[in-house]
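Below you'll find the structure, written out as structure tokens, and then a few comments.
Chains as they are written, first to last, in my numbering: chain E, 13 to 340; chain A, 13 to 340; chain X, 13 to 340; chain V, 13 to 340.
Okay, structure coming up:
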């Protein structure tokens, strides 16, 4: 097992989780900067003593799996190299999340390896467990689609979504290890900042997933940065196709997630602290008698279930391990 | 001028602003706790040296105005006493915000002084300047209605709102000087917490104001606490009654607020830091080509424009002063 | 195993760590409030499903150990009851930390069970491992003494401390689940607040421990609250009894802690994030050529190594388990 | 009046304060980046509409004063150019803070304009008011020396300091508009980070000022970053040359600062929130009966009194205005 691109937030946390995983052996962490330094010098808290190396395609024979944590477009060629050497890959980028090539290219530009798209499963474990188990590539979802699709899936399957507004809030770690105005504590602190207004890359990913559940809807998705480190709340406001009562809603969600080890249907609205540093998604659904709308609140840790611990959950599925292995 | 109830966050800030105001003379700050202590012992940063006294109705003859910062239902009797002694009042509570008594009583219980409702103007300065100038009571709006109604007024007047979702986020000062789970830094920090799901007292206040502008709509309003001190963002998602383009939207907002000293129509989405510790409301409107919805983002400081500095803005209007006096 | 007083921050975290511990069985969590509610309703993040019960001395026969998380003076009688029923106790209060009764009574008032003091070992695992292994009561150290004594022990043993100033900074969780001015985010946020100036209860605890190492010194100890949740830094400024060079210092600390699983001697000054949510203490020592002083920086998580995870470390020692069990 | 280097935190705040100053006319803000953009695009909160220009020495004839907010070594040549054109300068860099050239060069490298040092006054207003009034260059102090020297001056003058440890804590704005590990909210948040151990550039500045007051002492100075925006606390631990009692201490500080508009001698230990966004320094001194040491706590806003508002205070002195002008 290796993590390619371990110097960013997502890759570093994946390395941490895999390093202490009882069944996987992390043998290398690669990066394009800081080569030769132990990863724990960059991320002391994660205590991964492996030195950062450059990714050397010639030495990959013995690798059976990899987590790739590269930026969009940079990931696909590396995923291809890893596949060629026989490894299976969980890719944290957007490169294989969208089934429709033209959608990808509208948002991200030319796809470097379009022929590989067909070999990828969408890595929202709860919805695509079987495909993930057998896939060569698992495209780990974006953190916003993770929280949003888990919130909306029961309603989408039931044909209940006529219209939906998703207002998502996220901590600063969602911006990654970028050093700029959005992450400087003196600018991001004491601030609430909506961003990418009316134009968020995660919208097509959410819509494609809902469509696969039989729900054809244009999603109004909006994200805001708020001053914390890790945490994400997707607040979903659904105009239902017909009136929905509390009891029906309750059963819909209870049934959908009864068997899921990492989805908790809560009896009251959760705060994101309740899932901090865990792989849980915590959901609360309510019917608003005044407006007739259905509200769903979905709390995750954007770096964990939204990214790196979900990658481990997928690796567990890919290698036939109990899904909670190394994550409890 | 006095501030009654100066020991809470709102009253203390009002006292601070009035103490340094060039045209008003703050002569007393009253409270039910900490009597005898200088206000600046409780709020050192505000540097108001007046000692806290009990409100003594017998000594009010010389008072021409008061800010009342009492809890809901406790405020109305005191407002009545002050009126009787000849003072004009800006009331920070909800007691006189709603024109419809039955709406008030559904949310807050029996009204202690219903006969006074007719003497109150709604203190959203930008919308009710003339009524405020002559009113005996000015009912200072809630902070959520302030941000929301300023965001929606241009669309409401133009008959453009078919449906609307308002997702508002606020710093912890919005919970006031309450000491509990919602305000403890170790619980409120690193958290995003929606609250009062499908049941927020501010909804009827917003709906009543929109109705006065000719817009009859049920508002889906939802608030969340995020870990900062002062700051509020109302993100409004409007389904328009007909398609609205960027240009029309731009003109609608520019025209509506061109003459307003404290409303800024921004060219890009604002963060709440941009209005921190000011009386400004900063707005940004955008049309979403994908969904056809209209988005409006409204940033205020919940303690300033949302509460105490708007009270001063109203006092300026009530006493014929330039509206920006003591606030620039 | 039970946790008595599980509704506070320290008890709740202890319950969390013991609930997931591979070798201990947590059978009860007790509290004086919230009886009947699952602990995970109060602390959702900790996911301990046990319902809170009142401590019933009649039902303690089968209990072999307990963590007591009561306030000072309230703890000792309960510790006595538990001992009588045959359990061994890790006490998180100050009641058994001080060997000298008169010192205790000067700071905390009359001791409820002074005859038990002789049965207690001081629970700084690294210094008192043997005594802890056999003790009936283990007095878990205060978080400040934990960080400070680990920082100073190598110098104290070597007779190198002529004078010492300790400036400790701590996150708000150190104030516990108290709801007041010191913990309200709008007051504790954007603040740096020294407290208990020239009069800190932890001073005698530190001095007693240093004296046991042969170092008789009056410690200037000062604590400040800073706006984070969990984290503590003790910055120690030692005037040495003779000049000390970098090399000697390096060897002194390396030798002292080479075999310790939870003390890391760092090559550069640590931030508290490096030990967040861990049982580690991370130390860095430096000689200041300009002043001749020796500086030692000691970072811990005040709730973990400073309190609850150190309690688990002590329980591991008491029951002959590997010290890192349930803590890695 | 111009601000040269207005795109950094210090220059931008100076521009904000001068823009709204009743007696100064800010005519230009210069910068090496973002030329042509209104300053308020970079710092919306400060609402300075002037466009950023390049500093053009040819157009400086009409300028009577400038604030220079350049990095060390870059400042001196610009200060020289401004002097040549007839302007008086408040320089925020370290270039003219030290009287001893060799000390400067040891810490900062070759001095670009050493011949100008003699024309500079040290801009700690409270200590050097007369020199500032007549100086061509005022070297604004570092924020750490501001807090520290104000704390220690009464003791230094009285010959009471035998030894001193200064442990200073500061918010992240102290690192300026640098985008790196020390300022990223996900790294600086939930962290306490000592830095520049045993080697801080501000030590010689503090020692030189104390020496001018007759106190020859080597200062143990250590700074730590804590997760807030603006705020600085210098905690000073003085070993006195002879026993000092509370009463003497009280009088010493009361006498020293009785006439100072911006120094408050507090009756209890202050938090930095008490001086947030003000030009105040708030001091508290105490004698520790246990150790015999004298403790002084000094709270300032590092960006205000520590930098930009002190620059305005100095400009007021330089131009014969009341010292509090534009700062109350």
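Backbone N, C-alpha and C fix where the C-beta goes; we use that ideal spot for every residue, glycine too. Note that the coordinates shown come from a computational prediction; the quantities given were computed from them, not determined experimentally.
Same chain only: Cβ atoms within 7 angstroms of residue 299 of chain V, ignoring 5 sequence neighbours per side
256, 257, 258, 261 and 306
Cut-off 6 angstroms between Cβ atoms - residues of its own chain near residue 43 of chain E, not counting five sequence neighbours on either side:
18, 19 and 64
Kindly say whether residue 288 of chain A, judged by its beta-carbon, lies nearer than 8 angstroms to any beta-carbon of chain V.
yes
Does residue 200 of chain E have its Cβ less than 8 angstroms from a Cβ in chain V?
yes
Please classify residue 254 of chain A as buried or exposed, where buried requires at least 16 neighbouring CB atoms within 10 angstroms.
exposed
Secondary structure of residue 248 of chain A, DSSP reduced to three states
strand
Outcome for residue 266 of chain E when other beta-carbon atoms lying within 10 angstroms are tallied against a minimum of 16
exposed
Pick out whichever of X:246, X:154, X:173 and X:81 has its Cα sitting closest to the Cα of residue 110 of chain X.
X:154
Straight-line CA distance for residue 189 of chain A to residue 181 of chain A?
18 angstroms
Under a CB-based cut-off of 8 angstroms, is residue 185 of chain X close to chain V?
no
Strictly by DSSP, which residues pair up with residue 75 of chain E?
Residue 75 of chain E pairs with nothing; no bridge assigned.
Please name the residue, chosen from V:85, V:49, V:95 and V:52, that lies closest to residue 70 of chain V on a Cα-to-Cα basis.
V:95
Given 8 angstroms, three or more beta-carbon pairs between the region 313-331 of chain E and the region 227-244 of chain A
no
I'd like the list of long-range same chain contacts for residue 225 of chain V, defined as Cβ closer than 7 angstroms, with 5 residues on each side in sequence excluded.
165, 168 and 169
Could you work out which residue in E:227, E:293, E:220 and E:41 is closest to residue 368 of chain E when comparing CA atoms only?
Any question about residue 368 of chain E goes unanswered here, given that chain E covers just 13 to 340.
In the DSSP output, what is residue 286 of chain A paired with across the bridge?
Per DSSP, none; premise fails for residue 286 of chain A.
For a test of your reading of the model: does the CB of residue 72 of chain X fall under 7 angstroms from any non-hydrogen atom of the ligand ATP? Yes or no.
Absence of the ligand ATP from the depicted structure is noted, as is the absence of any ligand whatsoever, leaving it without description.
With 8 angstroms set as the bound, which would you pick, yes or no: does the beta-carbon of residue 295 of chain A sit closer than that to a beta-carbon of chain E?
no
I'd like to know if residue 104 of chain V contacts chain E, where contact means its C-beta is closer than 8 angstroms to some C-beta of that chain.
no
Evaluate residue 187 of chain X with the Cβ neighbour count: other Cβ atoms within 10 Å of its Cβ, from every protein chain shown; 16 or more gives buried, anything less gives exposed.
buried
Going by beta-carbon coordinates alone, are residue 124 of chain A and residue 85 of chain A separated by less than 8 angstroms?
yes
Using a Cβ-Cβ cutoff of 8 angstroms, what residues of the region 311-325 of chain X are near chain A? List them in chain order.
none
Quick check on DSSP: helix, strand or coil for residue 265 of chain E?
helix
How close, in whole Å, do the beta carbons of residue 185 of chain X and residue 21 of chain X come, if the pair is a contact with beta carbons under 8 angstroms?
6 angstroms
In the DSSP assignment, find the unbroken alpha helix (DSSP H) run with residue 219 of chain E in it and report its ends.
214-224
Identify the continuous beta strand (DSSP E) that holds residue 309 of chain V and give its terminal residues.
306-312
Here's a check: name, in chain order, each residue in its chain whose Cβ is nearer than 7 angstroms to the Cβ of residue 9 of chain A, leaving out the five neighbours to either side.
The question about residue 9 of chain A has no answer, for chain A in this structure spans 13 to 340.
With distances taken Cα to Cα, identify the nearest neighbour of residue 252 of chain E among E:237, E:243, E:227 and E:242.
E:227
Quick check on the DSSP output: the alpha helix (DSSP H) that includes residue 169 of chain E runs from which residue to which?
155-169
From A:319, A:335 and A:339, pick the residue whose C-alpha is nearest to that of residue 141 of chain A; which is it?
A:335
Mind pulling the chain X residues with CB within less than 7 angstroms of residue 107 of chain A?
The contacting residues do not exist; residue 107 of chain A stays about 24 angstroms from chain X at best.
Span of the beta strand (DSSP E) around residue 276 of chain A
275-277
Alpha carbon to alpha carbon, how far is residue 120 of chain A from residue 98 of chain A? Give it in angstroms, no decimals.
27 angstroms
N-terminal and C-terminal residue of the alpha helix (DSSP H) that residue 139 of chain A is part of:
137-146
Please tell me whether residue 124 of chain V has its Cβ less than 8 angstroms away from any Cβ of chain A.
no
Anything in chain E within Cβ reach of residue 300 of chain A, meaning under 7 angstroms, just list it in chain order.
210 and 232
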